[in-house]
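Numbering (this note's numbering), first residue to last: 117 to 556. Glycine residues also receive a C-beta, built at the ideal position from the N, C-alpha and C atoms.
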Ligand SMILES: Nc1ncnc2c1ncn2[C@@H]1O[C@H](COP(=O)(O)OP(=O)(O)O)[C@@H](O)[C@H]1O
Ligand SMILES: [Mg+2]
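And the structure:
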């Protein structure tokens with residue numbers, strides 16, 4: 117892409133905000149004050165935690181959803197509905213199961229009233245371009261995941277959009293298939309054989325973002341907003357193993373695990389009971405700490421290297437690293453994860469000592485766990501139903517997220533013997549021998 121193409125803005129978001137009402141009717145800000153411009157000639161990647169509002173942002177940009185605050189402008193005009201020049205590819209493929217590949221691809225053109233001969237020509241072209249030739253008559257269920265996503269992409273391309281929005285388009289695919297498809301899209305982009313002028317990819321795969329993007333935006337949660345921006349000034353095609361790419365991946369890791377100052381202020385403001393606890397199970401935390409303590413790492417590892425060594429994906433390691441940092445068992449700095457003194461005592465400890473350390477760290481660092489424990493101690497019976505805690509969380513989180521956060525708190529609390537959970541009774545209670553008594 118020549119650099120002059122990069123100057124003119126295609127999509128502009130200024131001070132965009134969006135709230136949703138939760139089940140109990142209270143409004144929750146999902147996006148706040150988002151400023152962002154997508155220019156001609158660039159690929160931008162958007163990275164952020166799950167639930168941070170990335171998909172919502174994409175829907176706003178496609179005109180599928182209206183902002184409550186601020187403005188979305190497409191080619192200088194406010195966007196009030198679905199725009200012809202903007203196509204979206206979804207993680208879930210979103211194909212019609214009863215239609216063939218050809219019919220699924222052609223669909224977008226029918227809706228736009230394109231005459232039949234033209235439809236056929238363009239459908240054939242899109243199918244050919246994206247490597248689906250020979251599969252025109254197949255039904256989605258007869259195709260592999262990778263081929264299905266090719267249909268999703270062909271359907272987005274057939275309308276000859278100038279903006280392509282990809283919402284985790286590769287993440288339902290196995291790694292190799294995802295990488296191959298990604299490289300093909302990049303190749304089409306470079307060759308200029310698509311009329312597309314700009315691409316926005318939402319991803320949780322850091323390597324994917326670094327390999328594809330000219331610019332990476334890192335999104336913060338609650339409410340979602342742009343926290344950091346990182347230009348990737350490397351020529352395409354890029355080599356995933358080159359030192360520069362590995363360095364950039366490190367840098368993105370560091371930015372993503374850093375807590376923003378704003379979040380800390382907010383955390384203090386509402387003592388943050390509703391902090392989104394990362395989805396990290398304790399055995400994975402133990403595994404990562406044990407690995408860090410090994411001779412080959414000497415207490416410090418590069419996060420991307422650890423992803424390989426532990427045979428995890430970014431998506432799996434990030435919550436574990438975040439959880440370890442939150443609990444003071446490790447520190448994340450500049451893309452490295454470093455075991456702390458407490459983390460080391462944990463690794464060297466017996467099962468009982470590990471549980472005790474974990475429990476102490478939980479009470480000290482996770483307000484929700486401390487709150488549950490305090491509430492139980494104030495009950496004569498030493499037990500409580502989960503509902504009041506869920507209700508509390510729903511003030512700040514949607515229903516699914518509230519359930520997820522409470523589940524994580526319970527799992528962690530059980531391991532640390534801070535409290536127990538009766539799967540048959542649905543009650544949280546103090547551990548055996550502590551029932552109803554004040555703590556020592
Ligand atoms: N239509 C909706 N109604 C209510 N809440 C929604 C709706 N769409 C998204 N949300 C909520 O907004 C938040 C952000 O969602 P989403 O944009 O899908 O995040 P991401 O794509 O970053 O995972 C989530 O808590 C989600 O439950
Ligand atoms: Mg999403």
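Counting only residues of its own chain and dropping the five nearest sequence neighbours on each side, residue 356 has a CB closer than 7 Å to the CB of 323 and 327. Here residue 209 carries a coil assignment [DSSP, helix/strand/coil].
Counting C-beta pairs with one atom in each stretch, the region 253 to 270 and the region 215 to 233 have three or more that are closer than 8 Å, which means they touch. As DSSP reads the structure, residue 153 sits in a beta bridge with 128.
Judged by pairs of C-beta atoms under 8 Å, the region 313 to 320 touches the region 277 to 297, as three or more such pairs exist. The region 322 to 390 is shown to contain whole alpha helix (DSSP H) runs of 4 or more residues at 322 to 328, 359 to 373 and 377 to 385, in chain order.
In terms of side-chain proximity, the C-beta atom of residue 165 is found nearer than 8 Å to a non-hydrogen atom of ligand 1. Residue pairing by DSSP places residue 187 opposite 130 in a beta bridge. Taking C-beta separations shorter than 6 Å and ignoring five residues to either side along the sequence, the partners of residue 345 in its chain run 333, following chain order. In chain order, 510 place their CB closer than 7 Å to the CB of residue 140, counting only its own chain and leaving out the 5 sequence neighbours on each side.
Residue 507 is bridged by DSSP to nothing; it lacks a bridge partner. When C-alpha distances from residue 496 are compared across 466, 448, 550 and 450, the shortest belongs to 550. Note: residue 319 is bridge-paired with 163 in the DSSP secondary-structure output. For residue 484 against residue 367, the beta-carbon gap comes to about 31 Å, at or over 8 Å, which does not count as contact. In the three-state DSSP reduction, residue 244 falls in the helix class (H, G or I). In this structure, residue 373 places its C-beta atom within 9 Å of the C-beta atom of residue 441. The region 414 to 430 makes no contact with the region 462 to 475: fewer than 3 CB pairs, one atom from each, lie closer than 8 Å.
For residue 264, the enclosing alpha helix (DSSP H) begins and ends at 261 to 273. Boundaries of the beta strand (DSSP E) harbouring residue 537: 536 to 538, taken from the DSSP string. Note on geometry: alpha-carbon atoms of residue 258 and residue 248 lie some 13 Å from one another.
For residue 261 against residue 206, the beta-carbon gap comes to about 13 Å, at or over 8 Å, which does not count as contact.
Looking only at 369, 204 and 330, the smallest Cα-Cα distance to residue 352 is reached by 330.
Proximity of the region 529 to 546 to the region 408 to 428 falls short of the contact definition, fewer than three beta-carbon pairs being nearer than 8 Å. The C-beta of residue 291 has fewer than 16 other C-beta atoms within 10 Å across all chains shown, which makes the residue exposed. Within the chosen limit of 8 Å, ligand 2 does not reach the beta carbon of residue 499 with any heavy atom. Between residue 245 and residue 203, the gap from beta carbon to beta carbon reaches 9 Å or more. With respect to residue 505, residue 488 sits close: the two C-beta atoms are nearer than 9 Å. Here DSSP, grouped into helix, strand and coil, assigns residue 394 to coil. Within the DSSP bridge table, the entry for residue 147 names 134 and 340 as partners.
In this structure, the C-beta of residue 170 approaches ligand 1 to less than 8 Å from one of its heavy atoms.
Non-local C-beta neighbours of residue 537 in its own chain, meaning closer than 7 Å and more than five positions away in sequence, comprise 526, 530 and 544, ordered along the chain. Relative to ligand 2, residue 283 has its C-beta within less than 8 Å of a heavy atom. In the DSSP assignment, residue 312 falls outside any alpha helix (DSSP H) and carries neither an H nor an E. Taking C-beta atoms under 8 Å as the contact rule, residue 264 and residue 209 qualify, at a distance of about 5 Å.
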